[in-house]
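**Student:** I have a structure here, written as structure tokens, and I will follow up with some questions on it.
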Amino acid sequence: MPKTVKDMVAAANAAVPRISAAEAQALHAKGEAVFIDLREPAEIAASGKVPGALAIPRGLLEFRVDPESPARDPALGKPVVITYCASGGRAALAGQMMQDLGYADVRNLGGFKDWAEGGGPVEKG
Numbered sequence: 065m066p067k068t069v070k071d072m073v074a075a076a077n078a079a080v081p082r083i084s085a086a087e088a089q090a091l092h093a094k095g096e097a098v099f100i101d102l103r104e105p106a107e108i109a110a111s112g113k114v115p116g117a118l119a120i121p122r123g124l125l126e127f128r129v130d131p132e133s134p135a136r137d138p139a140l141g142k143p144v145v146i147t148y149c150a151s152g153g154r155a156a157l158a159g160q161m162m163q164d165l166g167y168a169d170v171r172n173l174g175g176f177k178d179w180a181e182g183g184g185p186v187e188k189g
């Protein structure tokens, strides 16, 4: 039986630990994590993003995070990667894919609103 998107997101949520806004803010303050905003540019422009987050739309992620890609961002050398999107689904799928590429510590913040409502600073998009 083929998988559904719901099945894929559930499997990704089981594989990628969810992190609270408070935990994410602590890692952000220490500079120990790179944040990846997986939303589309229009979504980021409308609400802003985590300060310093890499804005990489989900459709381009594999090409920007592959350790062998010339387009890989050097900021991805931090020990922790935190993904987020609008509600957490894209972030979970992205985190699981990054684990498949060898990233050892990937966490899912969920939605950007979780960060903002948790008091995290916001950078204009």
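Quick note: to get the numbering used here, add 64 to the position in the sequence shown (first position is 1). Positions of the beta carbon are idealized from the N, C-alpha and C atoms, including for glycine. All values derive from a computational prediction rather than experimental measurement.
Since Y148 sits in a beta bridge, which residues does DSSP pair it with?
**Tutor:** Residue mapping note: residue 148 aligns to position 84 of the sequence shown, counting from 1. For Y148, which the question treats as bridged, DSSP gives the partners D101 and G174.
**Student:** According to DSSP, simplified to helix, strand and coil, what is A78?
**Tutor:** Within the sequence shown, numbered from 1, the residue matching residue 78 stands at position 14. A78: helix per DSSP, three-state reduction.
**Student:** Do the region 68 to 83 and the region 164 to 176 make contact, defined as three or more Cβ pairs closer than 8 Å?
**Tutor:** The region 68 to 83, when compared against the region 164 to 176, does touch it at the 8 Å Cβ threshold.
**Student:** Rounded to whole angstroms, what's the CA-CA distance from A93 to T147? Just pull it up for me.
**Tutor:** As a first step, residue 93 is located in the sequence shown; it is residue number 29 there, counting from the start. As a first step, residue 147 is located in the sequence shown; it is residue number 83 there, counting from the start. Computed Cα separation, rounded: 16 Å.
**Student:** At the level of alpha carbons, what is the spacing between E126 and M162?
**Tutor:** Within the sequence shown, residue 126 is the residue found at index 62, counting from 1. Within the sequence shown, residue 162 is the residue found at index 98, counting from 1. Distance between the alpha carbons of E126 and M162: 8 Å.
**Student:** Let me know if D101 comes out buried or exposed under the rule of 16 or more other beta-carbons within 10 Å of its beta-carbon.
**Tutor:** Working through the sequence shown from its first residue, we reach residue 101 at position 37. D101 should be labelled buried.
**Student:** Mapping DSSP to helix, strand and coil, what is L118?
**Tutor:** Residue 118 sits at position 54 when you count from the first residue of the sequence shown. Reduced to three states, the DSSP call for L118 is strand.
**Student:** Excluding the 5 residues flanking D178 on each side, which residues of the same chain have their C-beta closer than 6 Å to its C-beta?
**Tutor:** Numbered from its first residue, the sequence shown carries residue 178 at position 114. Closer than 6 Å at Cβ, skipping near neighbours: A85.
**Student:** Using only CA atoms, which one of V69, A110 and Y167 lies nearest to K188?
**Tutor:** Position 124 of the sequence shown, counting from 1, holds the residue named residue 188. Among V69, A110 and Y167, the Cα nearest to that of K188 is on A110.
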